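2 protein chains.
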Amino acid sequence: MSYTIHEVAQKMGISTYTIRYYHDHGMLPFVKRDENNNRIFDDNDLEWLNIIVCLRATGMPVERIHHYLDLVQEGECTVPERYEMMKTQQERTLSEITALNKHLATINFKVDHYADIIANHKPDNFVPSNLRNASTADRTA
Amino acid sequence: MSYTIHEVAQKMGISTYTIRYYHDHGMLPFVKRDENNNRIFDDNDLEWLNIIVCLRATGMPVERIHHYLDLVQEGECTVPERYEMMKTQQERTLSEITALNKHLATINFKVDHYADIIANHKPDNFVPSNLRNASTADRTA
DNA sequence: CCATTACATTAGAGTTAGTCGAACGCTAAC
DNA sequence: GTTAGCGTTCGACTAACTCTAATGTAATGG
């Protein structure tokens, strides 16, 4: 199967701009062109792009992803380095998920707090003492 | 309690550059200055910064956080809009965590795959057919 | 048959959220 | 009294997109 840049963008949930950016930066080396110079993508390119999206979404810089691609093309002798890269990315992603869960707890608290105010329609009693002053403004975040 | 910009940076796990950036962009309106024009932060500023860090880490743009701060300062009548903002952020964060878990599964697969190659020291048999050619290069990502 | 639509291309400018360097000021210590 | 160590401001730089403008080709439609 082969696909246009728009189809790929749709499939991968990224913009055509981003795909061109990755291609221009040498991260999609197997992408071919049709007779009008339009990019054509096959399933292998999709697979590659999927990895790029995965690594980017988990915070790997574009340059580092490029390096990873180079390693893959160099052959099996680079497996140990690739293993280390994926290990690092695994750990980074785990701690990112942990961090997000903590932030989510904070947000949940806010949601519940505001829901409570709306439901009971009573004034906010959690203003920190150093913010409680003559003003009637509700500065509680 | 009051703190220097370095102490705050340490406590919050962000750089002094970032703190100045937020302050310069009006997101820390209560921060005072000492007699040498140095920023001094109190516990309330820390609380605020904590919310900023939380919202940024979960993907809210700086401008939107600024708007949220404005709402807080406007008083209780803005609670419904704040509630909606936090609801949106809650959903966004939940789907971000879901996405990260999916990406993590992909990375886990790579880690296991490479670990297997290293352990058994045998060639990579998962090269997609369209990448398998005369070259000895191992193009398996 | 030629125009309009729809999509592609490129080069390059703009955006966001920092990140950093340079030039400088204050204060405390040797 | 000068050097170290903190802070300041302003402005330049970066990453990773994101978009605009100018241009080209291919299919549809009066």
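Chains L and E, in that order, are what the protein sequence lines are.
Here the first sequence stands for residues 6 to 146, where the numbers follow the numbering used here.
Here the second sequence stands for residues 6 to 146, where the numbers follow the numbering used here.
Heads up, the beta-carbon is just placed ideally off N, CA and C, and yes, glycines get one too.
Just so we're clear, the structure is a prediction, and the values are computed from it rather than from any experiment.
Worksheet item: Which residue comes first and which comes last in the alpha helix (DSSP H) that contains L/Ile102?
Response: Translated into the one-based positions of the first sequence, residue 102 of chain L becomes position 97. Val84 to Asn125 is the span of the alpha helix (DSSP H), which, as asked, contains L/Ile102.
Worksheet item: By how many angstroms is the C-alpha of E/Lys92 removed from the C-alpha of L/His108?
Response: Along the first sequence, read from residue 1 onward, the residue named residue 108 of chain L stands at position 103. Along the second sequence, read from residue 1 onward, the residue named residue 92 of chain E stands at position 87. So the alpha carbons of these two residues sit roughly 13 angstroms apart.
Discussion item. Measuring only the C-alpha atoms, how far is L/His72 from L/His28?
Written reply: Reading the first sequence from its first residue, position 67 is the one you call residue 72 of chain L. Reading the first sequence from its first residue, position 23 is the one you call residue 28 of chain L. Approximately 14 angstroms between the Cα atoms of the pair.
Worksheet item: Which one of E/Asn49, E/Pro85, E/Ser20 and E/Thr98 has the shortest CA to CA distance from E/Met65?
Response: Residue numbering aside, residue 65 of chain E sits at position 60 when the second sequence is read from its first letter. Among E/Asn49, E/Pro85, E/Ser20 and E/Thr98, the Cα nearest to that of E/Met65 is on E/Thr98.
Discussion item. DSSP three-state label for E/Gln15, please.
Written reply: For the purposes of this step, residue 15 of chain E is taken as the residue at position 10 of the second sequence. E/Gln15: helix per DSSP, three-state reduction.
Fill in: Beta-carbon spacing of E/Leu60, E/Met32 below 8 angstroms
As a working note, residue 60 of chain E is residue 55 in the second sequence. As a working note, residue 32 of chain E is residue 27 in the second sequence. No, these two residues do not count as a Cβ contact at 8 angstroms.
Item to complete: Could you confirm whether any beta carbon from chain E is found closer than 8 angstroms to the beta carbon of L/Tyr8?
Response: Counting from 1 along the first sequence, the entry for residue 8 of chain L is found at position 3. Cβ-Cβ to chain E under 8 angstroms: no for L/Tyr8.
Worksheet item: Of the residues L/Ile19, L/His30 and L/Ile102, which one's Cα is nearest the Cα of L/Leu2?
Response: This structure leaves residue 2 of chain L out entirely; chain L is present only between 6 and 146.
Discussion item. Please classify L/Lys37 as buried or exposed, where buried requires at least 16 neighbouring CB atoms within 10 angstroms.
Written reply: Sequence index remark: in the first sequence, residue 37 of chain L carries index 32 (1-based). Result: exposed.
Worksheet item: By the criterion of Cβ-Cβ separation under 7 angstroms, what are the contact partners of E/Pro85 in chain L?
Response: Residue mapping note: residue 85 of chain E aligns to position 80 of the second sequence, counting from 1. Result: Ile123.
Worksheet item: Any idea if E/Ile112 is buried or exposed, counting beta-carbon neighbours within 10 angstroms, 16 or more meaning buried?
Response: On the second sequence, residue 112 of chain E is found 107 positions in, with the first residue counted as 1. Buried, because 16 or more other Cβ atoms sit within 10 Å of the Cβ of E/Ile112.
Worksheet item: Should E/Ile24 go down as buried or exposed, given a rule of 16 or more other Cβ atoms within 10 Å for buried?
Response: What you label residue 24 of chain E is simply residue 19 of the second sequence in a count that begins at 1. When all chains shown are included, E/Ile24 counts as buried.
Item to complete: Please go through the same chain and pick out, in chain order, the residues whose beta-carbon is closer than 8 angstroms to the beta-carbon of L/Asp48, but skip the five residues on each side of it.
Response: Counted from its first residue, the first sequence places residue 48 of chain L at position 43. Hits under 8 angstroms: Met6.
Discussion item. Looking at the strands, I want to know which residues DSSP matches up with L/Arg38.
Written reply: Working through the first sequence from its first residue, we reach residue 38 of chain L at position 33. Note: L/Arg38 sits in a beta bridge opposite L/Arg44.
Item to complete: Quick one: give me the first and last residue of the alpha helix (DSSP H) that E/Leu76 is part of.
Response: Looking up residue 76 of chain E in the second sequence gives position 71. It spans Val67 to Glu79 - the alpha helix (DSSP H) in which E/Leu76 sits, taken as one unbroken run.
Discussion item. Could you compute how far the alpha carbon of L/Tyr8 sits from the alpha carbon of L/Ile45?
Written reply: Counting from 1 along the first sequence, the entry for residue 8 of chain L is found at position 3. Counting from 1 along the first sequence, the entry for residue 45 of chain L is found at position 40. Whole-angstrom Cα-Cα distance: 6 angstroms.
Discussion item. Strictly under 8 angstroms for the Cβ-Cβ distance: is L/Glu40 near chain E by that measure?
Written reply: Residue numbering aside, residue 40 of chain L sits at position 35 when the first sequence is read from its first letter. Chain E, which has no Cβ nearer than 8 angstroms to the Cβ of L/Glu40, makes this no.
Discussion item. Using CA atoms only, rank isn't needed, just tell me which of L/Gln95, L/Val58 and L/His118 is closest to E/Glu81.
Written reply: Position 76 of the second sequence, counted from the start, is the residue given in the question as residue 81 of chain E. Comparing Cα positions, the closest option is L/His118.
Worksheet item: To which residues of the same chain is L/Met90 closer than 7 angstroms at the C-beta, ignoring the five residues directly before and after it?
Response: The residue you call residue 90 of chain L lines up with position 85 of the first sequence. Tyr73, listed in sequence order.
Worksheet item: Going straight from the alpha carbon of L/Glu12 to that of E/Ala110, what length do you get?
Response: Reading the first sequence from its first residue, position 7 is the one you call residue 12 of chain L. Reading the second sequence from its first residue, position 105 is the one you call residue 110 of chain E. Each residue's Cα considered, the two are about 25 angstroms apart.
Discussion item. Using 8 angstroms as the threshold, is the C-beta distance between L/Val77 and E/Ile123 below it?
Written reply: The residue labelled residue 77 of chain L in the question sits at position 72 within the first sequence. The residue labelled residue 123 of chain E in the question sits at position 118 within the second sequence. Not closer than 8 angstroms, so no.
Worksheet entry | Interface positions of the segment 95-125 of chain E facing chain L (Cβ-Cβ less than 8 angstroms), listed along the chain | Gln95, Thr98, Leu99, Glu101, Ile102, Ala104, Leu105, Asn106, His108, Leu109, Thr111, Ile112, Asn113, Lys115, Val116, Tyr119, Ala120, Ile122 and Ile123
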